[in-house]
DNA sequence: GCTTAACCTGGACGC
DNA sequence: GCGTCCAGGTTAAGC
């Protein structure tokens, strides 16, 4: 691995962001931190290096892109820097004081605008799985089928193209920790190939419920995965994926009456409506703070 | 409209 | 060392 000093980092000022919280909050699975405290990841065919500076400061960070340098738009778009986070905190805390502790702890946590295809397939892996294993599976998938991207830190891999996934070997995928999800990935890639080009991307323009309905119509995608895709790559800021953790948080904070009830479609919708009625247009962002607090416990 | 079982697999846990 | 359980769900069948 070459020294990271062989290139120059740009500096972004006056931006409310916490890179660690954002990149490790369970929305994206392929970011890794180098020994120098630089976060490395890819967006389509661009590799990105990010570093919080100075250590822990939430209003300034360093960045660079590879192989084409200085692609600020790619970075700003991915991190959704256009969203005025600090205005949202005030709104949320006025309606729900219980959020104040999480917004203080994870100040600068942002929802990402990921490449839709990577987000779509990464969350196929999330069913009955652990975050550590999801990360490992998605990494293996990219390394096996994705295009290499050269960086000063070594080779990173773009997320695989649709036709590579459609033609993937099921036995190989199963061996790469995808297990019973392997045939689902291949079938979904073939379904997407049969759609008009950029169909997934076009859902960014659709209203939330319409986009979700399109996703749920695909075999293998239920309400939770559809909401993850809507929230983490399709700009649906009010989408609130209801998983086992969110269900527990909701019962504890807002709806003790739902304790012990199965997560049927009716209960799922009821929980989602609860978050939307409290936090409105950016309910998915508010939810992410309490989700991360839950995942990290009292640390 | 709800419950249940099946679907891979690795790590945590109890014994 | 071994057995059991569980983990960011989805689907289909049975009631």
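In my numbering, the protein residues as written are 84 to 382.
By construction, the Cβ of each residue, glycine as well, lies at the ideal position given by its N, Cα and C atoms.
Quick caveat, the model's predicted, so the values are computed rather than measured.
Distance, residue j Cα to residue i Cα
{"i": "residue 161", "j": "residue 109", "result": "15 Å"}
{"i": "residue 124", "j": "residue 136", "result": "18 Å"}
{"i": "residue 331", "j": "residue 212", "result": "18 Å"}
{"i": "residue 326", "j": "residue 258", "result": "26 Å"}
{"i": "residue 92", "j": "residue 336", "result": "43 Å"}
{"i": "residue 368", "j": "residue 103", "result": "16 Å"}
{"i": "residue 307", "j": "residue 147", "result": "34 Å"}
{"i": "residue 383", "j": "residue 265", "result": "Absent from the model: residue 383. The displayed extent of the chain is 84 to 382, so no value can be given."}
{"i": "residue 251", "j": "residue 143", "result": "41 Å"}
{"i": "residue 378", "j": "residue 205", "result": "19 Å"}
{"i": "residue 193", "j": "residue 97", "result": "15 Å"}
{"i": "residue 40", "j": "residue 340", "result": "Residue numbering for the chain in the displayed model covers 84 to 382; residue 40 lies beyond these limits and cannot be assessed."}
{"i": "residue 269", "j": "residue 356", "result": "33 Å"}
For residue i, the three-state DSSP class (helix, strand or coil)
{"i": "residue 176", "result": "helix"}
{"i": "residue 124", "result": "strand"}
{"i": "residue 95", "result": "strand"}
{"i": "residue 130", "result": "strand"}
{"i": "residue 347", "result": "coil"}
{"i": "residue 207", "result": "helix"}
{"i": "residue 217", "result": "helix"}
{"i": "residue 288", "result": "coil"}
{"i": "residue 182", "result": "helix"}
{"i": "residue 342", "result": "coil"}
{"i": "residue 283", "result": "helix"}
{"i": "residue 193", "result": "coil"}
{"i": "residue 90", "result": "coil"}
Residues that DSSP places opposite residue i in a beta bridge
{"i": "residue 231", "result": "240"}
{"i": "residue 115", "result": "123"}
{"i": "residue 163", "result": "DSSP lists no partner for residue 163."}
{"i": "residue 147", "result": "132"}
Rounded distance between the beta-carbons of residue j and residue i, thought under 8 Å
{"i": "residue 219", "j": "residue 260", "result": "6 Å"}
{"i": "residue 320", "j": "residue 364", "result": "6 Å"}
{"i": "residue 373", "j": "residue 182", "result": "7 Å"}
{"i": "residue 186", "j": "residue 176", "result": "7 Å"}
{"i": "residue 366", "j": "residue 323", "result": "5 Å"}
The ligand SAM heavy atom lying under 8 Å from the CB of residue i
{"i": "residue 106", "result": "By its list of ligands, the structure shown contains no ligand whatsoever, and the ligand SAM lies outside what it can speak to."}
Subject >> Cβ pair count under 8 Å reaching 3, the segment 291-302 against the segment 332-347 >> reply: No: the two stretches stay apart, fewer than three of their Cβ pairs being nearer than 8 Å.
Subject >> Cβ pair count under 8 Å reaching 3, the segment 228-235 against the segment 312-332 >> reply: no
Subject >> the segment 150-170 in contact with the segment 267-280 per 3-pair CB rule at 8 Å >> reply: no
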